[in-house]
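A.B. asks:
Residue numbers (my numbering): 21 to 454.
What follows is the structure, given as structure tokens:
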């Protein structure tokens, strides 16, 4: 989805003309000596070999490549020697890149207000639309941000939303094609309702009128599960599919009883992971128990389950057997604030922590490990940010500001964080880049 392409430019007509001009300027009795090319004769990206005024040989083209290769060997050797790649001082963003200078009638110089960067300038190489689901005092919105836009275009959703609704939760399916929104009213007879549809066409009628938890399938587009409280005697786990034409849930084909206060954590080809008052419960796709654990599941992939124990420590469990996995970088009782997220795209685990064990002072420490990484990536994150998790392709780890108004994209491979400023007044609850 994100790609970077570098293309070498062929020799231009200016290059050819300059070469012939240098060959014509000769003296029949003297040694042939080409006229040195000026800056105007060589375009950006061209390679020219010109003897200098003292007759010395030009710089060899392999020298910069050799220097870069030595630097790469040093970095790789450092990772192997110390076991982690730290980004304590990430590259700053250039705020002056989007300002413009002008001259007044009196000759004075002025600086115009800074322009918001386009999305493809903010996230170099992206060609996909960023869709954000947000709320404000007027309701729920889809904010559509195309790569060439400097700010997103708002489109209000038809989901009923007023001051009585104190919670709104939203998420995209695995393909980014469908959106589910759950709105809740504390103390109501029917606490939460679930709406599904396309990201720009959700509502106005709820698909499920009594639920407390929902979840999309990890890989099957349009497949959704929820806890249904409409049965008179028990809460049931139900699954269904979204009809792409009507946008409604159809083909409800699973119903088995679960705890009333359970929450769905994961649904994939292996089955379900649920957090219950008694701990973590792992089920097959048919609802048969696989294993249980006394800690509470917070996140999971098809390989691991992230558990918070009763004493506050973090544990990673093998998804198949429920056995603990050694991971010293993830989990400590000394951390006062901990968030853990997983990525299906690359089997990555991200941990954002603030406290004595994070080693980051007043800031937070973001650790990315797992997948094909030989060593964890450790980044320092300003405390004003809160976590959202990985993008679908795991290119970025997502953050929000304290008021949820801005989105931070952490390029964890190089340690850079880019912040997308949204129009004021919006609080983002879900997003999809694709």
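No residue lacks a Cβ here, since even glycine has one placed at the ideal position from N, Cα and C.
Could you tell me the alpha carbon to alpha carbon distance between residue 448 and residue 248, rounded to whole angstroms?
C.D. replies: Cα to Cα, residue 448 sits roughly 26 Å from residue 248.
A.B. asks: Which one of 306, 303, 203 and 401 has the shortest CA to CA distance from residue 179?
C.D. replies: Among 306, 303, 203 and 401, the Cα nearest to that of residue 179 belongs to 203.
A.B. asks: Among 285, 368, 195 and 269, which one has its Cα closest to the Cα of residue 233?
C.D. replies: For the residues 285, 368, 195 and 269, the minimum Cα distance to residue 233 belongs to 285.
A.B. asks: Helix, strand or coil for residue 426, going by three-state DSSP, please let me know.
C.D. replies: Strand at residue 426.
A.B. asks: CA-CA distance, residue 303 and residue 264?
C.D. replies: Residue 303 and residue 264: Cα-Cα distance of roughly 29 Å.
A.B. asks: Exposed or buried, what is residue 385 when buried is set at 16 or more other beta-carbons lying within 10 Å of its beta-carbon?
C.D. replies: Residue 385 should be labelled buried.
A.B. asks: In the DSSP output, what is residue 236 paired with across the bridge?
C.D. replies: According to DSSP, which records beta bridges pairwise, residue 236 is partnered with 244.
A.B. asks: Hey, quick one: how far does the alpha helix (DSSP H) through residue 413 stretch, first residue to last?
C.D. replies: Segment: none, residue 413 is in no alpha helix (DSSP H) and carries neither H nor E.
A.B. asks: Would you call residue 332 buried or exposed, if buried means 16 or more other Cβ atoms sit within 10 Å of its Cβ?
C.D. replies: The residue is exposed, with fewer than 16 neighbouring Cβ atoms inside 10 Å.
A.B. asks: Identify which residue in 341, 334, 321 and 206 has its Cα closest to the Cα of residue 310.
C.D. replies: Taking only the C-alpha atoms, the option nearest residue 310 is 341.
A.B. asks: What do you reckon, are the CB atoms on residue 388 and residue 417 nearer than 8 Å?
C.D. replies: For residue 388 and residue 417, yes; Cβs fall inside 8 Å.
A.B. asks: Once DSSP output is grouped into helix, strand and coil, what is the label at residue 213?
C.D. replies: If DSSP states are grouped into helix, strand and coil, residue 213 belongs with the strands.
A.B. asks: Run through DSSP, which three-state label would residue 140 get?
C.D. replies: Reduced to three states, the DSSP call for residue 140 is helix.
A.B. asks: Go ahead and label residue 392 buried or exposed: buried means 16 or more other beta carbons lie within 10 angstroms of its beta carbon, across all protein chains shown.
C.D. replies: Classification for residue 392: exposed.
A.B. asks: What are the start and end residues of the beta strand (DSSP E) that includes residue 177?
C.D. replies: Where residue 177 is concerned, there is no enclosing beta strand (DSSP E), given that its DSSP letter is neither H nor E.
A.B. asks: Provide the residue(s) that pair with residue 309 in DSSP beta bridges, ordered along the chain.
C.D. replies: Partner(s): 303.
A.B. asks: Do residue 409 and residue 196 have their C-beta atoms within less than 8 Å of each other?
C.D. replies: Going by C-beta atoms, residue 409 is not nearer than 8 Å to residue 196.
A.B. asks: Helix, strand or coil, according to DSSP, for residue 277 in the structure here?
C.D. replies: DSSP places residue 277 in strand when its eight states are reduced to three.
A.B. asks: In whole angstroms, what is the alpha-carbon distance linking residue 205 and residue 187?
C.D. replies: If you take the alpha carbons of residue 205 and residue 187, they lie about 7 Å apart.
A.B. asks: Excluding sequence positions up to five away, which residues of its chain have a Cβ less than 7 Å from the Cβ of residue 168?
C.D. replies: Only 138 and 140 meet the Cβ criterion.
A.B. asks: Can you list, in chain order, the stretches of the beta strand (DSSP E) that have 3 or more residues and sit fully within the segment 150 to 204?
C.D. replies: Runs of the beta strand (DSSP E) inside the segment 150 to 204: 150 to 156, 159 to 165, 173 to 176, 187 to 192 and 199 to 204.
A.B. asks: Can you give me the C-alpha to C-alpha distance between residue 155 and residue 161, rounded to a whole angstrom?
C.D. replies: Distance between the alpha carbons of residue 155 and residue 161 is about 6 Å.
A.B. asks: Spatial neighbours of residue 446 within its chain, please: C-beta separation below 6 Å, excluding the five flanking residues on both sides.
C.D. replies: Correct list, in chain order: 154 and 156.
A.B. asks: Compare the Cα-Cα distances from residue 442 to each of 170, 365 and 335 and report the closest residue.
C.D. replies: Checking every option, the nearest Cα to that of residue 442 belongs to 170.
A.B. asks: Going by DSSP, name the residue or residues bridged to residue 433.
C.D. replies: Paired residue(s): none; residue 433 is not in a bridge.
A.B. asks: Identify which residue in 437, 364, 278 and 269 has its Cα closest to the Cα of residue 301.
C.D. replies: Residue 278 is the option with its Cα nearest to residue 301.
A.B. asks: Would you kindly report the start and end of the unbroken beta strand (DSSP E) that includes residue 295?
C.D. replies: First-last of the beta strand (DSSP E) with residue 295: 291 to 296.
A.B. asks: Enumerate in chain order the residues of its own chain whose CB-to-CB distance from residue 455 is below 6 Å, with the five nearest sequence positions on each side excluded.
C.D. replies: Outside the displayed range of the chain (21 to 454) lies residue 455, so it cannot be described from this structure.
A.B. asks: Could you tell me which of 254, 222 and 221 sits nearest to residue 230, measuring between CA atoms?
C.D. replies: Checking every option, the nearest Cα to that of residue 230 belongs to 254.
A.B. asks: Do you know whose CA, among 321, 260, 427 and 134, lies nearest residue 214's CA?
C.D. replies: Nearest option by C-alpha distance: 260.
A.B. asks: Taking C-alpha atoms, which residue in 398, 337 and 323 lies nearest to residue 329?
C.D. replies: With distances taken between Cα atoms, residue 329 lies closest to 337.
A.B. asks: Give the DSSP-derived three-state secondary structure of residue 341 in the structure shown.
C.D. replies: If DSSP states are grouped into helix, strand and coil, residue 341 belongs with coil.
A.B. asks: Classify residue 433: buried if its beta carbon has 16 or more other beta carbons within 10 angstroms, exposed otherwise.
C.D. replies: By the neighbour-count rule (16 or more Cβ atoms within 10 Å), residue 433 is not buried but exposed.
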